[in-house]
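Here the structure comes first, spelled out in structure tokens, and everything after it is commentary.
Protein chains: 2
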Amino acid sequence: MSDIDQIHDDIRETQAPARQETVNNRKAKIVKKATRLFIKKGYAQTTMRDISKATGINLGNLYNYISSKEDILCLSFETYHDPAMEWLQREGILDIEDPKEQLQKALHQLLIMIHDVTSDVLMMYRETRVLPPKFLKIVLKKEGDLVAFFEKIIARGVEKRVFHVRDPFFAANMLVFQLSLYPLRSWNLKRYSREEFLSLSEETILKAVIPDYT
Amino acid sequence: MSDIDQIHDDIRETQAPARQETVNNRKAKIVKKATRLFIKKGYAQTTMRDISKATGINLGNLYNYISSKEDILCLSFETYHDPAMEWLQREGILDIEDPKEQLQKALHQLLIMIHDVTSDVLMMYRETRVLPPKFLKIVLKKEGDLVAFFEKIIARGVEKRVFHVRDPFFAANMLVFQLSLYPLRSWNLKRYSREEFLSLSEETILKAVIPDYT
DNA sequence: ATGCTAAACAAACGTATGTTTTATTTGTTG
DNA sequence: CAACAAATAAAACATACGTTTGTTTAGCAT
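Chain order of the listed sequences is A and B. Under our numbering, the first residue of the first sequence carries the number 37, and numbering increases by one thereafter. Under our numbering, the first residue of the second sequence carries the number 37, and numbering increases by one thereafter.
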């Protein structure tokens, strides 16, 4: 953003605070609608004209709210990436003493959250390549943090001899990957209800970590 | 292909059989080079001019060997999809009596094969959406067949009380999905050598299926 | 009411794309 | 060598795209 633009924004903020709300609303609306299009048609196949039509906002006018098409994709990623980690921290998962309960609770919640945004996760897997390098780095960092989070839980469980895995880091990677099973394979898993799927997922994952898990 | 083109091809085949060889070679070369570009830049971001440059074949001339850009992508998918199933049948995996050995052997080979085409698998996950519907159906069918293959093995093992899983179909889906762990997560798994990775993968997967696996 | 400013809009710009065409060269065959 | 199809090269074509521009509209402060 140029200095001129920055000044522009400052003025907008101070002069018309009432409008700022709607500006952000519009921006959010654009991202939301565009995300649905990216999911349905793919990023490259979605045109700014599509987004204009879907939002009802004039093509040129879109650029008053977002700076580029790529920008929309980045905003879309931001929407979905943070809530998981936020939940884990808000819920105080790290403070749970029993490793088994700790893992189970974290796993359960993440499976639910991801299941609810199945198609969005699929889109993100597909379009990660399009992200600008700087933003991509941030996204991978966040994903790495999630793995590290589970690694810590697993390592502690191993120390306490509750879990049994040879390599906590590897186990954490596998676990986090499994979280995306439904988004990436839903075409072959439609026969399961949400609850069936969650239960089967949890059971299978925990069995790989906890000896004699039933 | 129009009738005119068909006649064209017939002439070529009868009149210059020596060249037919090179025609197929060229086609394969185009697919191979294009695949590398799709991997590096993505399908949409790869232009026919890129492919022309990479193959050294003139832009217009490309269309003597392939019918469209989309066609190249389909051919690319075909290259990678069949070998796995072929190997499983050639090696007579289905004839192995011991379920544990059977599963272990199939799993091991597939992990190796996939590990060797890591970036190709990643590309396919990303670009599946671009395939024409008819071709997409074929691809998903083949993928479903692989799952069914493992489902059969697992179900037999459960019957024989060698394996213990609640739902063989689900277990098979999870297993096949795990095969793609490295392609989809290699950015976070670089620390492992190929052998380390294979060993850890096999161990973790088998532990979810076989009680008391060590 | 008036002047100012951000929002909205239609049109246009420049470029890049997949594909086709046309003209020329090459290589094989009778 | 002559004839002719195949292969090549370059240019052209039509269109679709992301983004910008110039102008008009509408709301708010004075």
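Virtual Cβ for every residue (Gly too), placed ideally from N, Cα, C.
* **Beta-carbon proximity list for M121/A, same chain, < 8 angstroms, skipping 5 on both sides** => K178, D181, L182 and F185
* Asked: Excluding five sequence neighbours on each side, which residues of the same chain lie with their C-beta closer than 8 angstroms to the C-beta of P119/A?
  -> Same-chain partners within the cutoff: M149.
* Cα-Cα separation between K68/A and W223/A, rounded to whole angstroms -> 24 angstroms
* Expressed to the nearest angstrom, what Euclidean distance is found between the alpha-carbon atoms of R221/A and S237/B? -> 19 angstroms
* To do: Determine the closest residue to T71/B out of F205/B, E163/B and L146/B, with distance taken between C-alpha atoms.
  => T71/B has its Cα closest to that of E163/B, out of F205/B, E163/B and L146/B.
* To do: Could you check what DSSP says for R197/B in three-state terms: helix, strand or coil?
  => coil
* To do: Could you check what DSSP says for S112/B in three-state terms: helix, strand or coil?
  => helix
* **A80/B - DSSP class collapsed to helix/strand/coil** => coil
* **Separation of R165/A from Y218/A, as counted between CA atoms** => One C-alpha to the other measures close to 21 angstroms.
* **Proximity below 8 angstroms, CB of I189/A to CB of P247/A** => Note that the C-beta distance between I189/A and P247/A is not below 8 angstroms.
* Hey, does E231/B have any beta-carbon neighbour from chain A nearer than 8 angstroms? -> no
* Just checking, does the segment 94-113 of chain A make contact with the segment 75-84 of chain A on the three C-beta pairs under 8 angstroms criterion? -> Enough Cβ pairs lie closer than 8 angstroms, so yes.
* Asked: Taking DSSP as the reference, what is the three-state secondary structure of N224/A?
  -> helix
* To do: Using beta-carbon positions only, say whether A3/A and K63/B come within less than 8 angstroms of one another.
  => Nothing can be reported for residue 3/A, as the shown portion of chain A is limited to 37 through 250.
* Asked: What does F213/A reach in chain B if we use C-beta pairs closer than 9 angstroms?
  -> Under the 9 angstroms cutoff, chain B gives F213, Q214, S216, L217, L220 and R221.
* **For K298/A, the nearest candidate out of Y249/B, M160/B and N209/B (CA to CA)** => Residue 298/A lies beyond the residue range present for chain A, which begins at 37 and ends at 250; the question has no answer from this structure.
* **Three-way DSSP call (helix, strand, coil) for M37/A in this model** => Caution applies to M37/A, whose pLDDT of 35 falls short of 50 and renders its modelled position unreliable; the value that the coordinates give is listed next. In the three-state reduction of the DSSP assignment, M37/A falls in the coil class, being assigned neither a helical nor a strand state.
* **Nearest neighbour of F205/A, chosen from M159/B, L147/B and F233/B [CA to CA]** => F233/B
* Going along chain A, which residues have a C-beta under 8 angstroms from V183/B? -> N224
* **Residue-level contact to chain B via CB, E49/A, 8 angstroms cutoff** => For E49/A, the pLDDT reaches just 38, beneath the cut-off of 50, and the residue's location in the model is therefore unreliable, although a value from the coordinates is still provided. E49/A does not count as touching chain B.
* **Sub-8 angstroms separation of I129/B and I66/B beta-carbons** => no
* To do: Work out the CA separation of K196/B and H117/A for me, nearest whole Å.
  => 44 angstroms
* Nearest CA to the CA of Y228/B: which residue from K89/A, Y249/A and D203/A? -> D203/A
* Are F213/B and M160/B closer than 8 angstroms when you measure CB to CB? -> no
* **Between the CA atoms of S155/A and K76/A - distance to the nearest angstrom** => 9 angstroms
* Asked: Helix, strand or coil for E133/A per DSSP?
  -> coil
* **Inter-residue spacing [alpha-carbon to alpha-carbon] between H151/A and S235/A** => 12 angstroms
* Asked: According to DSSP, is D203/A helix, strand or coil?
  -> coil
* **6 angstroms Cβ shell around L147/B - same chain, five flanking residues per side excluded** => L234 and S237
* Quick one: which chain A residues come within Cβ less than 9 angstroms of G96/B? -> The contacting residues do not exist; G96/B stays about 24 angstroms from chain A at best.
* Since R230/A is in the alpha helix (DSSP H), which residue starts that stretch and which ends it? -> Residues R230 to V245.
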